[in-house]
Amino acid sequence: MLEMLQLPLVVTAQVDLLLVLVSLLAFWTRLSHLNYPNAVVFDEVYYGQFVSLYMKRVFFIDDSGPPLGHMILASGAYLGGFDGNFVWNRIGAEYPSTVNVWSLRLLPALCGALCVPLVYLLTLELKFSHLSALGAAVLLLLENSLIVQSRFMLLESVLIFFVLLAFFSYLRFHNKPRPPSPYWLILSGVSCGAAVGVKYMGLFSYLLLLVVASLHTWKLIGDKTISHVILCLVVVPVLLYVFWFYVHLSFLNRSGPHDQLMSSAFQASLQGGLSRITRGQPLEVAYGSQVTLRSSVSQPIPCWLHSHKVNYPIRYDNGRGSSHQQQVTCYPFKDVNNWWIIKDPGRQQLVVDTPPRPVRHGDVIQLVHGMTSRFLNSHDVAAPMSPHTQEVSGYIDFNVSMPAQNLWRVDISNREAESEVWKTILSEVRLIHVNTSAVLKLSGVSLPDWGFRQLEVVADKLFKAHSSSLEWTVEEHRYGTSQEQKEREAELHSPTHIDVDRKISFWAKFVELQWKMLTVKQEESEHKYSSSPLEWITMETNIAYWLHSSTNAQIHLIGNPVSWGVANLSLLAYQLLAVVYLLRRRRGLKDVPDGVWDQFVCLGCVCVGGWLVNFVPFLLMDKTLFLYHYLPALCYLYLLSPALLEHAHTHLLRYAHQPLRALCVGALAVLLSIFLTYRTFCPLTYGSPELSAHQLQGLKWRDTWDILYRRR
Amino acid sequence: PNSFQTTFTPVSKDKNSQTAGHLAGGDTQSSNGPSGQFLARESIESPSKVLLMLVAGLSFSTRLYMITEPPHVCWDETHFGKMGSYYINRTFFFDVHPPLGKMLIGLAGYMSGYDGTFPFIKPGDKYENQNYWGMRGFCATLGSFLPIFAYLIVLELSNSCTAAIIAATLLIFDTGCITISQYILLDPILMFFIMAAVLSMVKFNQQRYRSFSASWWLWLVLTGINLAGALGVKFVGLFVIILVGLNTIWDLWRLLGDMSLSLVDIAKHFLARAFALILLPVILYVTIFAVHFVVLNKSGPGDGFFSSAFQSRLIGNNLHNASMPEYLAFGSTVTIKNLRIAGGYLHSHWHLYPEGVGARQQQVTAYLHKDYNNLWVVHRQQDNNSQSGNPDLVRHGDIVRLEHKETTRNLHSHLHEAPLTKKHFQVTGYGINGTGDANDLWQVEVCGGRKGDPVKVLRSKVRFLHRATGCVLYSSGKTLPKWGWEQIEVTCSPYLKETPSSQWNIEDHINPKLPNISLSVLKPNFLEILLESHIVMFRGNSGLKPKDNEMNSKPWHWPINYQGLRFSGVNATEYRVYLLGNPVVWWINLASLGLYLTMVAVASIATQRGFSLEHSLVLVRGGGLLMLGWLLHYAPFFTMGRILYFHHYFPAMLFSSMLTGLTLDILFRSADLLLHPPYSYWFQRAGQLLLLFSILYSFYLFHPLSYGMTGPLAHEPGSAMADLKWMDSWEF
């Protein structure tokens, strides 16, 4: 014991000063003057609305990506005490003093800054020298577009950070002597889950990492570590991905602007909104029930079965005739004309018995329109807009030997999951016309002016099984009590409500939300600064992020043209070199030893592979794309360039002294020019100092760039 | 445990022989070497001949049975029959597919006595007395070769008659393959060439030990010819070209690693393939187009898609030996054509831009068809009335006002976003009877001209610069939505770069006050025509977007046979033909894909662990080729934005069926891994019989789909097909 006390207290620390230096510089470039400009910059206007909704815990759907990205931005806002009370309506709007701009932008900026040391470490894990690592870090450090993208409330830097972290930690695990500890592997899995959770594009990097990992583990089949790899790289990311949604859904529990996209059951689980209306409705639909029937198609907007006191025109514009009976449509707004009463065909009364007689699967019913008392009817008359289907009308007897055909059979399509009894909100019901066995459905076409542009409802014989345009759910529901028409109208006008909470499981919500996110089609239109992927490689385009409200100070997403050129050049050089090596190796000529060859292949897998998976998918996408989508791919190239240079230096030009010296001088010159271009474009990166129109003209290196300047 | 010992051969035992094989012949041979292979081949020779005859007989009889039924136009016959007629009549038309398929249809019709007079207006039209059997019979004959080719390909890949006969049986008794072969369509022709190319490629691979022999050359050249044929029918042929390309790269890679070959030999190999697989197909493909242009020399419905110069070739077109005033003058009535290929005519009509799309003024679009709404009148800045005497010529730099003849609105632009290209400004028709505002003025510039140059009709490239905003009249090439009648967007671009999109030429020119002069337009040369027609085809292809409200087929529907296509008839009283795969065949195919992947995984893990399974080489090599073929013919459809149909899956389905044959055969034969000899043999036989029986019985059940059915629909009571509607989405 005493001996131990006599030992000197020693701290041995190895500090990589280069690493510390680039990290400090990275923090300085990314974090300085973070709250300037004190105005909404570019896509902050888009992400900001979601941050506000988080602060207010209001449910929303965003089809641009999974929720983790939004949550990270929101947590930054939360730390800064943002209360969600800011209207994100236009780019350039000034933030009020109550909004802590610095904290809103802090997390993306931190991620952006950490990318620089990560690239340094990743190069080391690829088994290249500290000098190469420094080169890669400098390329990333002085890339204007990455700086711009990190300094605002945007998600690309977060995505890049997680992707790099995933690769770094996986390679660290792989390079450790066996048996390695699984901590790095777990970290890698977690980062993969996070990357996919931030943006769907992260999925492609994740798949690449899986491919690399499976190539590595293929050699180890039968080894025990394989189960670790599968567990950490497959199970962990999947669980995490679901976990983000769990947090998202349990956090956002209030109804909001996107409710109507979701099913009635989902809406009922949110506070306010539908649950306020439907609280306490009777659960089972009975004869005499007053209901509104909502079509299950929520594209493009929800609508309810509707009728009104106007008839179909006798002749349509194209000369076809109609039945001239009362119009039945689907109407996208709540309206008293959406109420229908369920009637037993064998009885006259329109009130609910005591006890209520519930309607079951297979029962035949009539539907009476609440306000006009017309029966829902269909017959062999061509529908107005979709002539191959039957017209649906509110029956009027014109004495023209056109008998009423108003019996409908109830077909509950999810009866296995729910029950045989028709339930409010939960049951999805098809109404099958008894005389013609056609099914009531929404045709998806809107009627012309005579139908007030409401949506057409038809009965279709040749139905497709899984078309949700056939399903209807009861949304609002109450038991009818008044037999007289007048009283009933008064009853229909009065609002409904009473109380119960409907439960829907997390998995059902998750599946529905995920499906909606993937299928919701937003109107994709061209944006003033959108571009096509091929323009990114040569940086034909830029994006104006912000312009000062009165001066010429402005921020643009423009990359460092010199670094950009270096990146493209190294991509080409790698491919060329790889082809030459491969062909020569096939003929038995080994230019480099096997160890170096493995290192070279690994570099290609990670960097060129990374570039490919982050770039090629965009070529196939039918979306509005922007220059910033290229940034993740670009980072891989910055990783590649110095490593390739080192490879050339140590292996290709080993004995050629003259070119070797030229290479070193060239590399230094390129580094210098990268720094100078960085300095040149700084005013457009940081938005200060303000430049004159003439200076701005000078910065327009390409004709296709859009740089703004005010006329004075 | 005993059986394991016998069938798994630990690698360590014959490691020496394996590595020797590696060095000698690359990694291409199994350890028994070429001689062993030939012995095996001879032993299967005789039964395979008989089986081949059987396959051929069944194939032809199923395809040619009831070939003339129904005696009316079915589905796309309305297009391809019509186009066949165009060849017979030598009328120029436009289609999104290359011409070979339609040329062959036309030829078949011509040979069988069809005179090209039937109009093919819409599906359901009765043929009456026309000789349509020749065209249908031709397609069915080509379609009948598919099972035969499948048989030969699988036999070549697996050396197993059983595998080959399974693949052929699947195809012979598939109702979908029968239906799609029986009508005047491009698909049987396309699939014939695809399968022929694959067969020649496989045969060629088999010749690898007899380089540069006559049969080696024969199969190589045949591969090239069939590739040209496949691409000449539809651009889907590109996928089989990729398949052959990958196979060739792999082959060359193998040769490169063969150290017994000198670099000169390898260069020879390379050049031979480059000649037969690149140069030869290109020459043939170009020849097809040359024939196409020579045959079709009369003006027809496709003229407007092409440039003015192209149209001047066509007899009957108003530009053929045209005569009109030579220089553009004020007061002339003109049509203005965009110089971008398939750019269309400047067009306007009585419809307004809808609410929310810029200003609510009259639409201005570009339109590909000739139409009186394409006419514009050239006016001076101010005056409206025509002056007496000779009209003044329009010169470079002049300010003009373009009045739409039909609606008397002026061509107008202003600082509103264009409907689709948001970076540009909107172009509208504005004002009435010539009164407008300063935004109606455009400056005419002749490209490459100087101030004062006159504007030559047809030959000058003209730009129209908007006076007020300085932008230039531009055709973006994007298709407007429904409100714009799916015509092409016209904008005013602030970017003044000279591109064909912003250049226009004056095509028709009417001015009674000027003398008409005969113009011989610069005739385009063949390469220009070829390039232009390809660009027009690609535009047309990508323009086939799915329409709103239309139920369109998704690629994931196809392998599960989710939904077919109605070829003929809708109602109970009509003669109905429904294109739908035989569900048993298709579901076996689908299951086999999964089975194949599992078996490959098992085999490769076993190999990695030091055991080698008996059939793993055939499984990986032969199966891999077929799997690749399936992927190449299926996966690209997921990325396509154009409208897709069920019948696009059929080429992939051929590969899938061949893979099934190979996979199931190996599965049956690998039964001895788990069962002892007599049982494993019984298992094998029972499996084969069960498979055969289920295919035959399902064909018996579903044959009315192909050969026609009448009576009530399947979901109605009393239908003969009542119990066969296994999926709700089928509509027969």
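Line by line, the protein sequences give chains W and C. Residue numbers for the first sequence follow my numbering, so the first one is 104 and each next one is one higher. Residue numbers for the second sequence follow my numbering, so the first one is 55 and each next one is one higher. The C-beta atom is built at its ideal place from N, Cα and C for all residues, glycine as well. Given the structure is predicted, the values throughout are model-derived calculations rather than measurements.
Cβ of residue i within 9 Å of any chain C Cβ
| i | result |
| --- | --- |
| W:G707 | no |
| W:K412 | no |
| W:D146 | no |
| W:D500 | no |
| W:D806 | yes |
Three-state class that DSSP yields for residue i in the structure shown
| i | result |
| --- | --- |
| C:E540 | coil |
| C:Y699 | coil |
| C:F92 | The predicted position of C:F92 is uncertain, since its pLDDT is 44 and thus under 50; a value taken from the coordinates is nonetheless stated next. C:F92: helix per DSSP, three-state reduction. |
| W:D483 | strand |
| W:Q374 | strand |
| W:L536 | Note on residue identity: the sequence assigns His, not Leu, to residue 536 of chain W. Of the three classes helix, strand and coil, the one that applies to W:H536 here is strand, per DSSP. |
| W:F478 | strand |
| W:P461 | strand |
| C:S235 | helix |
| W:Y303 | coil |
| C:P787 | Chain C is shown from 55 up to 786; residue 787 of chain C falls before or after that span and cannot be answered. |
| W:D602 | Note that W:D602 scores 40 on pLDDT, short of 50, meaning its location in the model is unreliable; the coordinates nonetheless yield the value given after this. In the structure shown, W:D602 sits in coil (DSSP, three-state: anything other than H, G, I, E or B). |
| W:R581 | strand |
| C:S267 | coil |
| C:E552 | coil |
CB contact below 9 Å: residue i versus chain W
| i | result |
| --- | --- |
| C:L292 | no |
| C:L317 | yes |
| C:W307 | yes |
| C:K551 | yes |
| C:G79 | With a pLDDT of only 36 at C:G79, under the threshold of 50, the placement of this residue in the model should not be trusted; the figure read from the coordinates follows. By this cut-off, C:G79 is not an interface position. |
| C:P64 | Any reading at C:P64 needs caution, since the residue's pLDDT is 36, under 50, leaving its predicted position unreliable; the model's value is listed next. It does not: the Cβ of C:P64 has no partner Cβ on chain W nearer than 9 Å. |
Residue i: contacting residues in chain C (beta-carbon distance under 7 Å)
| i | result |
| --- | --- |
| W:R477 | What W:R477 touches in chain C: nothing, since even the nearest Cβ is about 27 Å away. |
Opening and closing residue of the alpha helix (DSSP H) in which residue i lies
| i | result |
| --- | --- |
| C:I31 | Not covered by the structure: residue 31 of chain C. The range shown for chain C is 55 to 786. |
| W:E494 | Unbroken run through W:E494 is the beta strand (DSSP E), Q493 to G497; no alpha helix (DSSP H). |
| C:Y141 | E131 to N143 |
| C:K257 | D241 to Q260 |
Endpoints, the beta strand (DSSP E) within which residue i is located
| i | result |
| --- | --- |
| C:F479 | F479 to Y484 |
| W:E519 | From DSSP, W:E519 is part of no beta strand (DSSP E); its letter is neither H nor E. |
| C:A420 | Q416 to Y421 |
| C:T387 | T387 to N392 |
Chain C contact residues for residue i, given Cβ-Cβ distances below 8 Å
| i | result |
| --- | --- |
| W:H630 | K476 |
Proximal residues of chain W, C-beta to C-beta of residue i below 8 Å
| i | result |
| --- | --- |
| C:M313 | R690 and G691 |
Under 7 Å from the C-beta of residue i: neighbouring residues of chain W
| i | result |
| --- | --- |
| C:T693 | L723 |
Where residue i meets chain W, residues with beta-carbon distance less than 9 Å
| i | result |
| --- | --- |
| C:L310 | L686, R689 and R690 |
In the region 716-739 of chain W, which residues sit with their C-beta less than 7 Å from some C-beta in chain C, listed in chain order? L723 and D725
What residues in the region 292-323 of chain W have a beta carbon less than 9 Å from any beta carbon of chain C? W321 and K322
Using a Cβ cut-off of 8 Å, which residues of the region 681-696 of chain W contact any Cβ in chain C, in chain order? L686, R689, R690 and G691
Along the region 650-663 of chain C, what residues have a CB closer than 7 Å to any CB found in chain W? I659, Q662 and R663
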